[in-house]
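Have a look at the structure below before the remarks.
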Amino acid sequence: MHKLYMELIRMRFLTMLAYRVNYYSGIIIYAINIGAYYFLWGAIYGGQQQLGGLSVEQMTSYVAIAWMSRAFYFNNIDTEIAQDVREGKVAIEMIRPYNYLSVKTAQAFGEGIFRFLFFAGPGIFLISLIIPFHFPATATGWGLYLISLMFAFLINTQINLLTGLFTFFLFRNDGMMRAKRVVVDLMSGLVLPISFFPGWAQTVMGFLPFQAVNYYPSLIFTGAITPGRSWELIGFQAIWMVVILVPILILWRMARNRLVVQGG
Amino acid sequence: MIQVKNLQKEFRIHQARAGLGGAFRDLFSREYKTVKAVNDLSFTVEEGEMFALIGENGAGKSTTIKMLTGILTPSEGEIVINGYVPFKQREEYVRSIGVVFGQRSQLWWDLSPMESFRLLKSVYKVDGTEGDKWLDRLIEELEINSFVSQPVRKLSLGQRMRCEVAASLIHKPRLLFLDEPTVGLDVLVKQKIREFLRNLNETENMTILLTTHDVSDIEALCKRVLVMDKGKLIFDGLLSDLKEKWGNGTEVSFQMKKRTPADELRKTLGEMPCEISQVNEYTISVKVPQSQEMLPFVLSTVMSTFEVSDVKIMETSTEDIVRNIYQVDTGVRGHA
C-alpha cells in the first residue's frame, strides 16, 4: 500500500513537470504575489512601527510565509473530483482496488511537495534577495512550522474533499467551489492576518476551521508566539482534522450508493 | 463464475418543467420520474466463456456492466462474481477483473503508457519477474512496443486502444469486461485486438464479456449472445440460434453475363419460397429465408442454369437481427 502511494506522488510530480511553461510561470506568479503584498503592506504601515501586534519585519515574513505555506497546502482536488464526476471518470476510479479519497489525497500531496520545492522555494529565494526576510532561527521553530504545515495541508485537503464530494449530489457545484476558495483565502489569514479582523469576527472565526489552514503555521513561522502556544495551535489543528473527517466519511458512503456515471 | 439473479437498477430522473415559469417552479419543488434501466436480469456465466451483450442505445447494457464491475449499486437483486459481491466487496473484487471502457481512457493523458503501467503495477501489487514477463508478453502481442514510451496524448486512437487493453490486463485478471472496445477503430486494429483476445481466452482461459455495436466483433469472438431491450433480457443463447430465430435469411446477389429478367429465375427455382428482385439488367438478388437448407440448392440451381459472372452472399447482420427483434414485438418472449 505504501508503495502505491509513493508511486502516486511520483506520478503527480511527473504530471506537473510535463508542462514546463506552466512550471516556470508558476514561479513568477508566486514571486509577483508575494512582492505585491509586500509593497501593499509597506504602504499600509506607512511610518508606523507596529500594527495589530506585528512589526513591519514580522509582517513581511508573514506575507511571504503565508504564500509559501499556501503553495504546499493548496490543491485543486475538489475541481478534479467534480470533473471526474461530470465526465464520468469516476467509473475508472471505482474499478481500481483503492480508496478514491485516499488516492486523491496522495495526489494532492505530490502536488504540494512539487509546488513547495519548485514554486515556493525559488519564489522565496527571489524575494529574499529584494526584501528583508527572517527565517526561524532554531531547529525547533522549523520543526514546529513543518508539523503545523502538514496539518494545514490535511485540513485544507479535507475541506476540498468535502466540497468535491458535493458534486456527487449536485452534479454542478462550480459556484460552491469558487466561493470556498475565496472563503478559505480570506478566513485562513492569507489576505489579512486574523489579528487584523474586528473582535467579533475573530470570535466567529475561532469556531471555524479555516485559520488552521494558514494562520497557525504562518504565526509559528514568524516566531511571534512561544513554542508552548505553538503546540496548542497544532493541537487545535489535530482536533479540526478529526472533526472534518466525520462528514467526509458520511458523504462518501452516501455518494457511493447514489453514484450516477454520466455519459454512456 | 458470474451469477446474476433478478438484477434491477432504478434511476430517479428529474423532469424539468417547460418554460421560464416552469424553471422557477423547479427551483422549489422538483418532479421526478423513476426509470428502470435494468429490469429483472438473470443469467450465469461459466469460466472461460466469451460472450457479448448487445442491444440498442439505452437498452441497459452499460448500466449492467457498471453493476457487474462494482461501480454502481444495484437497486435490487443479487450479483456474485468470482465469489465476491461486487458493490459490497469492491476493493477485493476489482483485483480479479479487468475493464476496458471504449469511450474513456484509463491511461494518464500527459504521461507515457509505460508510466501508467508502472503505476497500475503498484496499484495491483504486481511485482517480480512473473509480472514483468506478463507485461512483456502483453506489449509484444499487442505490438505496442514502438510507442509505449510516448505521451498518451500523442498516440493515435488505435495505438491508445491497444495500450488501454494492455493496461486492463496488467494484473492478469480472470475476467475481462470490454465496453464497446472497438468504437472508431480501423479494420486492422480491430482485427489485432480481436486476435489478441481470442488468444487470451484460449491460452489463459480468461472469461471475456463484451458489449458492442459492431457485429463483426461478436461474429469474430463470441459464441454466446445476450440481447437486452428496455432493461430486459430478451435473448440468451448461441449466436447461430439467434440468427436462425430472428434472422431474415440470406441475400444472394447474382451477376449475370447476359441480360436476365427476374421472371426467368423464378421459373428455374419453381415454387421455392424466396424473394427475387431485379437490381439492374444484369443483377438479380434472391432472398432465402432459411439459409442452411435452401442456400446450397439455390446456388447450385442458378449457377448450373445461367452463366454467372459473380456471386455475392450477404448474411443478415446481427444489427438487422436486433432490429427484427424490436419490430416483432409480439414475438418477444422469455428466454430459457
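Order-wise, the sequence lines are chains A and B.
Going by my numbering, the residue at position 46 of the first sequence is 895; the numbering climbs one at a time, nothing skipped.
Going by my numbering, the residue at position 46 of the second sequence is 52; the numbering climbs one at a time, nothing skipped.
From the three backbone atoms N, C-alpha and C, an ideal C-beta is built for every residue, glycine too.
Computed from a prediction, not measured in an experiment: that's the story for all the values here.
Over the uninterrupted beta strand (DSSP E) stretch that includes residue i, give me the two end residues.
i, result
"residue 48 of chain B", "37 to 51"
"residue 316 of chain B", "314 to 321"
"residue 216 of chain B", "213 to 217"
"residue 12 of chain B", "8 to 21"
"residue 912 of chain A", "Not the beta strand (DSSP E): residue 912 of chain A falls in the alpha helix (DSSP H), residues 905 to 922."
"residue 292 of chain B", "289 to 294"
"residue 61 of chain B", "56 to 61"
"residue 282 of chain B", "281 to 284"
Just the Cα atoms here: how many angstroms apart are residue i and residue j?
i, j, result
"residue 341 of chain B", "residue 177 of chain B", "At residue 341 of chain B the pLDDT is 42, less than 50, meaning the model places this residue with poor confidence; the figure from the coordinates comes in the next sentence. Their backbone Cα atoms lie some 35 Å apart in a straight line."
"residue 276 of chain B", "residue 245 of chain B", "32 Å"
"residue 257 of chain B", "residue 235 of chain B", "27 Å"
"residue 915 of chain A", "residue 1038 of chain A", "8 Å"
"residue 919 of chain A", "residue 869 of chain A", "21 Å"
"residue 338 of chain B", "residue 253 of chain B", "For residue 338 of chain B, the predicted structure reports a pLDDT of 44, less than 50, and the residue's modelled location is therefore unreliable. A value from the coordinates is still provided. Taking the straight line from one Cα to the other gives about 14 Å."
"residue 955 of chain A", "residue 189 of chain B", "34 Å"
"residue 937 of chain A", "residue 1001 of chain A", "30 Å"
"residue 94 of chain B", "residue 81 of chain B", "13 Å"
"residue 135 of chain B", "residue 49 of chain B", "38 Å"
"residue 21 of chain B", "residue 38 of chain B", "6 Å"
"residue 1091 of chain A", "residue 1097 of chain A", "10 Å"
"residue 1094 of chain A", "residue 1007 of chain A", "7 Å"
"residue 861 of chain A", "residue 53 of chain B", "38 Å"
"residue 898 of chain A", "residue 877 of chain A", "30 Å"
"residue 999 of chain A", "residue 922 of chain A", "8 Å"
"residue 59 of chain B", "residue 1108 of chain A", "23 Å"
"residue 865 of chain A", "residue 965 of chain A", "12 Å"
"residue 294 of chain B", "residue 267 of chain B", "19 Å"
"residue 311 of chain B", "residue 299 of chain B", "20 Å"
"residue 1065 of chain A", "residue 110 of chain B", "42 Å"
"residue 977 of chain A", "residue 1075 of chain A", "25 Å"
"residue 346 of chain B", "residue 290 of chain B", "Within the shown structure, residues of chain B are numbered from 7 to 342, placing residue 346 of chain B beyond reach of any answer."
"residue 288 of chain B", "residue 249 of chain B", "30 Å"
"residue 124 of chain B", "residue 89 of chain B", "28 Å"
Leaving out five residues on either side along the sequence, give the residues of the same chain with a beta carbon under 6 Å from the beta carbon of residue i.
i, result
"residue 6 of chain B", "Outside the displayed range of chain B (7 to 342) lies residue 6 of chain B, so it cannot be described from this structure."
"residue 56 of chain B", "207, 214, 227 and 228"
"residue 1071 of chain A", "907, 910 and 911"
"residue 42 of chain B", "16 and 237"
"residue 184 of chain B", "106 and 216"
"residue 151 of chain B", "145"
"residue 975 of chain A", "880"
"residue 1079 of chain A", "993 and 1069"
Once you ignore the five residues that flank residue i on each side, which residues in its own chain have a CB closer than 8 Å to its CB?
i, result
"residue 161 of chain B", "119, 153 and 169"
"residue 143 of chain B", "none"
"residue 314 of chain B", "260, 261, 262, 263 and 308"
"residue 890 of chain A", "905, 908, 909 and 912"
"residue 855 of chain A", "none"
"residue 996 of chain A", "1083"
"residue 232 of chain B", "49, 57, 58, 59, 60, 239, 241 and 242"
Just curious, the alpha helix (DSSP H) that residue i is in, first and last residue?
i, result
"residue 1023 of chain A", "1023 to 1036"
"residue 28 of chain B", "25 to 34"
"residue 1088 of chain A", "1076 to 1106"
"residue 1007 of chain A", "988 to 1014"
"residue 1053 of chain A", "1048 to 1055"
I'd like the list of long-range same chain contacts for residue i, defined as Cβ closer than 7 Å, with 5 residues on each side in sequence excluded.
i, result
"residue 1101 of chain A", "950 and 1014"
"residue 952 of chain A", "857"
"residue 981 of chain A", "906 and 909"
"residue 1040 of chain A", "1034"
"residue 156 of chain B", "118"
"residue 319 of chain B", "256 and 258"
"residue 14 of chain B", "42, 44, 45, 46, 80, 81, 82 and 83"
Entirely within the region 223 to 268 of chain B and at least 4 residues each: give me those alpha helix (DSSP H) ranges in chain order.
245 to 252
Compile a chain-ordered list of the residues in the region 55 to 84 of chain B whose CB is closer than 8 Å to at least one CB of chain A.
68, 72, 75, 76, 77, 78 and 79
Listed in chain order, which residues of the region 1014 to 1029 of chain A have Cβ atoms closer than 7 Å to some Cβ of chain B?
none
What are the residues of the region 114 to 130 of chain B that lie near chain A, defined by any Cβ-Cβ distance shorter than 8 Å?
114, 116, 117, 121, 124, 125, 128, 129 and 130
Segments of 4+ residues assigned as alpha helix (DSSP H) that fall wholly inside the region 116 to 188 of chain B
119 to 129, 134 to 147 and 163 to 175
Looking at chain B, which residues of the region 1074 to 1105 of chain A have a Cβ within less than 8 Å of any of its Cβ atoms?
1105
At a Cβ cut of 7 Å, what residues of the region 947 to 965 of chain A count as close to chain B, listed as they run along the chain?
947
Using a Cβ-Cβ cutoff of 9 Å, what residues of the region 87 to 101 of chain B are near chain A? List them in chain order.
93, 96, 97, 98, 99, 100 and 101
Between the region 932 to 946 of chain A and chain B, which residues of the former have a C-beta closer than 7 Å to a C-beta of the latter?
937, 938, 940, 941, 943, 944, 945 and 946
The region 913 to 929 of chain A: which residues have C-beta closer than 9 Å to a C-beta of chain B, in chain order?
none
In the region 853 to 895 of chain A, which residue ranges form an unbroken alpha helix (DSSP H) of at least 4 residues, counting only runs that do not cross its ends?
869 to 894
Which runs of the beta strand (DSSP E) at least 3 residues long sit entirely within the region 73 to 116 of chain B? Give them in chain order.
82 to 87 and 103 to 107
Short-range partners of chain A found in the region 252 to 273 of chain B, where Cβ spacing is below 7 Å
none
Identify every run of the alpha helix (DSSP H) within the region 911 to 981 of chain A, keeping only runs that are complete inside it and at least 4 residues long; order them along the chain.
926 to 935, 939 to 943, 949 to 964 and 970 to 979
Contact residues within the region 860 to 872 of chain A, judged by C-beta distance below 7 Å to chain B
860, 863, 864 and 867
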